[in-house]
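> Protein chains in written order, with the UniProt record's numbering: chain B, 1 to 209; chain R, 1 to 209.
Using N, Cα and C, we set each Cβ at its ideal position, and we do this for glycine too.
Quick caveat: nothing in here was measured; it's all calculated off a predicted structure.
Right, here's the structure in full:
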């Protein structure tokens with residue numbers, strides 16, 4: 001839509017870096033678009049997201065947006081993944097239990113105090129009857145998040161912090177999956193205490209030691 | 001719609017119990033309707049369920065059906081709850097771990113080999129944007145199932161099989177909730193091995209003992 005910014009910064013007379021006219025590299029355009037999508041989603045949720053608006057705010061043509069993300073769902077999922085990547089980073093203290101507790105706490109806060117919770121539950125909801133969205137959801141979001149968590153548990157398993165023989169993929173369902181369960185069917189609240197109980201139950205086991 | 005059956009059984013000449021004309025007691029009508037709904041759902045899923053069909057097959061007027069269940073969702077949820085009550089009964093061997101393993105296995109089989117899995121994920125999906133359905137889902141289905149499981153864990157906790165201090169409500173999310181997570185976002189399959197891993201992780205804990 002706009003080509004008024006460029007990948008080639010030109011120093012302006014006041015010393016600030018300015019961009020001249022020209023084509024921006026595709027990766028910059030893509031990053032700008034995803035950044036714009038993320039900002040919209042974390043402030044307003046899915047209702048605020050349109051191709052029109054992203055095109056305008058990111059200075060990208062709608063044609064380009066549609067080429068990369070053929071649906072609102074795909075656009076939302078990739079934008080969301082990037083926007084929460086830092087918030088959902090696992091700390092690395094060397095203590096898997098502490099790191100998981102911290103990250104799960106951040107996840108719960110994100111889900112309960114920003115539009116992210118509603119965004120994800122709506123996308124998961126729609127994906128039950130929309131096969132394309134279901135595939136996008138896994139391809140662009142959930143499979144990556146699962147892998148990041150599983151990788152972390154695998155490292156901890158190699159250093160003996162997790163018992164050998166434990167299938168680390170199952171742990172994802174018993175921690176984050178348990179949170180999603182309460183978000184999707186809110187019989188019980190999603191709280192910090194719940195997150196801590198999830199970790200305690202799973203790490204210590206629920207039978208007397 | 002039909003009053004050709006009655007709550008008062010009349011022995012027929014061949015000795016079989018037959019029903020004469022007259023009004024059936026409301027609880028019989030209700031039970032017949034729920035039974036019909038359950039049969040439809042477990043064979044065909046939600047798509048086969050209409051008020052018309054239940055009225056015809058159960059010999060109940062549509063007016064009566066609407067009085068009790070003002071929406072297809074409500075009708076489906078109560079019919080489904082009754083139809084799976086026996087299948088999802090917890091055995092009582094005195095060994096909580098064995099009983100949970102058996103019941104969770106039955107649940108996984110129900111979800112993966114009958115239309116029940118698709119039925120529930122569709123209802124959960126719709127309930128993300130349909131507030132009335134969300135309330136009905138919890139009121140007519142999930143809150144009852146949660147309570148049954150929590151009660152079972154509470155008994156086991158009193159006999160010392162579950163550590164004191166464990167919030168038994170959280171266990172529901174780490175077992176059945178984990179299964180729902182994979183049903184709703186199928187990055188990984190729902191298998192018997194998965195169910196067993198869920199129980200092992202939670203009962204034994206994932207750190208070295």
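Whole-angstrom Cβ separation of residue 115 (chain R) and residue 41 (chain R), contact assumed at under 8 Å?
Taking the second chain and counting its residues from 1, one reaches residue 115 (chain R) at position 115. Taking the second chain and counting its residues from 1, one reaches residue 41 (chain R) at position 41. Sure, about 7 Å apart at Cβ, within 8 Å.
> Quick one: is residue 70 (chain B) near chain R, going by C-beta distance under 9 Å?
Here the question's residue 70 (chain B) lines up with position 70 in the first chain. Output row for residue 70 (chain B): interface = no.
> Nearest to residue 78 (chain B) by alpha carbon, out of B:97, B:91, B:57 and B:46?
On the first chain, position 78 is the one that residue 78 (chain B) refers to. It is B:46.
> In chain R, what lies closer than 9 Å to residue 208 (chain B) by C-beta?
Numbered from its first residue, the first chain carries residue 208 (chain B) at position 208. Here the neighbours are 160, 161, 162, 163 and 164.
> For chain B, find out if any of its Cβ atoms is closer than 9 Å to the Cβ of residue 203 (chain R); answer yes or no.
Looking up residue 203 (chain R) in the second chain gives position 203. Taking Cβ atoms only, chain B reaches closer than 9 Å to residue 203 (chain R), which makes this a yes.
> Quick check on the burial criterion: 16 or more other C-beta atoms within 10 angstroms. Buried or exposed for residue 36 (chain R)?
As a working note, residue 36 (chain R) is residue 36 in the second chain. So residue 36 (chain R) ends up on the buried side.
> What separation, rounded to the nearest whole angstrom, lies between the Cα atoms of residue 189 (chain R) and residue 202 (chain R)?
Working through the second chain from its first residue, we reach residue 189 (chain R) at position 189. Working through the second chain from its first residue, we reach residue 202 (chain R) at position 202. Roughly 19 Å separates the two Cα atoms.
> Residues of the region 165-194 of chain B in Cβ contact with chain R at a cutoff of 7 Å, in chain order, please.
Of all residues in the region 165-194 of chain B, 166, 167, 169, 170, 171, 173, 174, 177, 178, 180, 181, 182, 184, 185, 187, 188 and 194 have a Cβ within less than 7 Å of some Cβ in chain R.
> How many angstroms separate the CA atom of residue 125 (chain R) from the CA atom of residue 143 (chain B)?
The residue labelled residue 125 (chain R) in the question sits at position 125 within the second chain. The residue labelled residue 143 (chain B) in the question sits at position 143 within the first chain. In a straight line, the C-alpha of residue 125 (chain R) is about 19 Å away from that of residue 143 (chain B).
> Output needed for residue 146 (chain R): all residues of its chain with C-beta closer than 8 Å, excluding positions within five of it in sequence on either side, in chain order.
Position 146 of the second chain holds residue 146 (chain R). Within the same chain, residue 146 (chain R) has close Cβ partners 169 and 172.
> Beta-carbon of residue 80 (chain R) versus every beta-carbon of chain B: anything under 9 Å?
The residue labelled residue 80 (chain R) in the question sits at position 80 within the second chain. With 9 Å as the cut-off, residue 80 (chain R) does not count as an interface residue toward chain B.
> What do you reckon, are the CB atoms on residue 209 (chain B) and residue 206 (chain R) nearer than 9 Å?
By one-based count along the first chain, residue 209 (chain B) stands at place 209. By one-based count along the second chain, residue 206 (chain R) stands at place 206. Their beta carbons are not under 9 Å apart, which means residue 209 (chain B) does not touch residue 206 (chain R) by this criterion.
> Would you call the CB atoms of residue 60 (chain B) and residue 107 (chain B) closer than 9 Å?
For this step, residue 60 (chain B) is matched to residue 60 along the first chain. For this step, residue 107 (chain B) is matched to residue 107 along the first chain. No.
> For residue 33 (chain R) and chain B, any beta-carbon pair shorter than 9 Å?
Taking the first residue of the second chain as 1, we reach residue 33 (chain R) at position 33. Output row for residue 33 (chain R): interface = no.
> If distances are taken between C-alpha atoms only, which option among B:117, B:156, B:69 and B:130 comes closest to residue 191 (chain B)?
Residue 191 (chain B) sits at position 191 when you count from the first residue of the first chain. Closest option to residue 191 (chain B), Cα to Cα, is B:117.
> Just the Cα atoms here: how many angstroms apart are residue 65 (chain B) and residue 33 (chain B)?
Within the first chain, the letter at position 65 stands for residue 65 (chain B). Within the first chain, the letter at position 33 stands for residue 33 (chain B). Rounded to whole angstroms, residue 65 (chain B) to residue 33 (chain B) spans 8 Å at the Cα level.
> Helix, strand or coil: which one does DSSP assign to residue 143 (chain B)?
Numbered from 1 along the first chain, position 143 holds the residue referred to as residue 143 (chain B). Residue 143 (chain B) falls in the helix class under three-state DSSP.
> State the DSSP-derived secondary structure class of residue 69 (chain B), mapped to helix, strand or coil.
Here the question's residue 69 (chain B) lines up with position 69 in the first chain. Here residue 69 (chain B) sits in coil by DSSP.
> Taking 9 Å as the CB-CB limit, is residue 74 (chain R) close to chain B?
Translated into positions along the second chain, residue 74 (chain R) becomes position 74. It does not; no Cβ of chain B falls within 9 Å.
> So residue 53 (chain R) is in the alpha helix (DSSP H); what residue range does that whole segment cover?
One-based indexing of the second chain puts residue 53 (chain R) at position 53. Unbroken alpha helix (DSSP H) run through residue 53 (chain R): 51-58.
> Just to confirm the assignment, what range does the alpha helix (DSSP H) spanning residue 161 (chain B) have?
One-based indexing of the first chain puts residue 161 (chain B) at position 161. First-last for residue 161 (chain B): undefined, no H or E at that position.
> When the Cα atoms are used, what is the spatial distance from residue 154 (chain R) to residue 182 (chain B)?
Stepping through the second chain from its first residue, residue 154 (chain R) is reached at position 154. Stepping through the first chain from its first residue, residue 182 (chain B) is reached at position 182. The alpha-carbon atoms of residue 154 (chain R) and residue 182 (chain B) are separated by roughly 20 Å.
> Alpha carbon to alpha carbon, what distance is there between residue 105 (chain R) and residue 200 (chain R)?
Stepping through the second chain from its first residue, residue 200 (chain R) is reached at position 200. Stepping through the second chain from its first residue, residue 105 (chain R) is reached at position 105. In a straight line, the C-alpha of residue 200 (chain R) is about 13 Å away from that of residue 105 (chain R).
> Assuming residue 194 (chain B) and residue 141 (chain B) are in contact, meaning their beta carbons sit under 8 Å apart, how far apart are those beta carbons, in whole angstroms?
The residue labelled residue 194 (chain B) in the question sits at position 194 within the first chain. The residue labelled residue 141 (chain B) in the question sits at position 141 within the first chain. About 22 Å separates the two Cβ atoms, so there is no contact after all.
> To the nearest angstrom, how far is the alpha carbon of residue 123 (chain R) from that of residue 23 (chain B)?
The residue given as residue 123 (chain R) occupies position 123 in the second chain. The residue given as residue 23 (chain B) occupies position 23 in the first chain. One C-alpha to the other measures close to 48 Å.
> Using the C-alpha atoms, what's the distance from residue 102 (chain B) back to residue 87 (chain R)?
Position 87 of the second chain holds residue 87 (chain R). Position 102 of the first chain holds residue 102 (chain B). Roughly 39 Å between the two C-alpha positions.
> Check the Cβ of residue 197 (chain B) against every Cβ in chain R and list those closer than 7 Å, keeping chain order.
Residue numbering aside, residue 197 (chain B) sits at position 197 when the first chain is read from its first letter. Within chain R, the residues near residue 197 (chain B) are 167 and 170.
> Sorted by chain position, which residues of the same chain lie with C-beta nearer than 8 Å to residue 76 (chain R)'s C-beta, five sequence neighbours on each side aside?
Here residue 76 (chain R) refers to the residue found at position 76 when the second chain is read from its first residue. Result list for residue 76 (chain R): 37, 41, 46, 49, 119 and 123, in chain order.
> Measuring CA to CA, which of R:131, R:100 and R:160 is closest to residue 149 (chain R)?
Working through the second chain from its first residue, we reach residue 149 (chain R) at position 149. With distances taken between Cα atoms, residue 149 (chain R) lies closest to R:100.
> Taking only three categories from DSSP, how would you classify residue 84 (chain B)?
As a working mapping, residue 84 (chain B) is identified with position 84 in the first chain. Note: residue 84 (chain B) maps to helix in three-state DSSP.
> Closer than 8 Å by C-beta to residue 132 (chain R): which residues in its own chain qualify, once you throw out the five before and the five after it? Chain order, please.
For the purposes of this step, residue 132 (chain R) is identified with residue 132 of the second chain, where counting begins at 1. Around residue 132 (chain R): 71 and 73.
> Taking the alpha-carbon of residue 39 (chain R) as reference, which of R:83, R:93 and R:110 has the nearest alpha-carbon?
Here residue 39 (chain R) refers to the residue found at position 39 of the second chain. Ranking R:83, R:93 and R:110 by Cα distance to residue 39 (chain R) puts R:83 first.
> Name the chain R residues that come within less than 9 Å of residue 112 (chain B), Cβ to Cβ?
Taking the first chain and counting its residues from 1, the one referred to as residue 112 (chain B) is at position 112. Within chain R, no residue comes near residue 112 (chain B); the closest Cβ sits about 15 Å away, beyond 9 Å.
> Could you tell me the distance, in whole angstroms, from the CA atom of residue 25 (chain B) to the CA atom of residue 158 (chain B)?
If you number the first chain from 1, residue 25 (chain B) lands on position 25. If you number the first chain from 1, residue 158 (chain B) lands on position 158. Each residue's Cα considered, the two are about 41 Å apart.
> Select from R:165, R:197 and R:161 the residue whose C-alpha is nearest the C-alpha of residue 167 (chain B).
Locating residue 167 (chain B) in the first chain gives position 167, counting from the first residue. Nearest of R:165, R:197 and R:161 to residue 167 (chain B), Cα basis: R:197.
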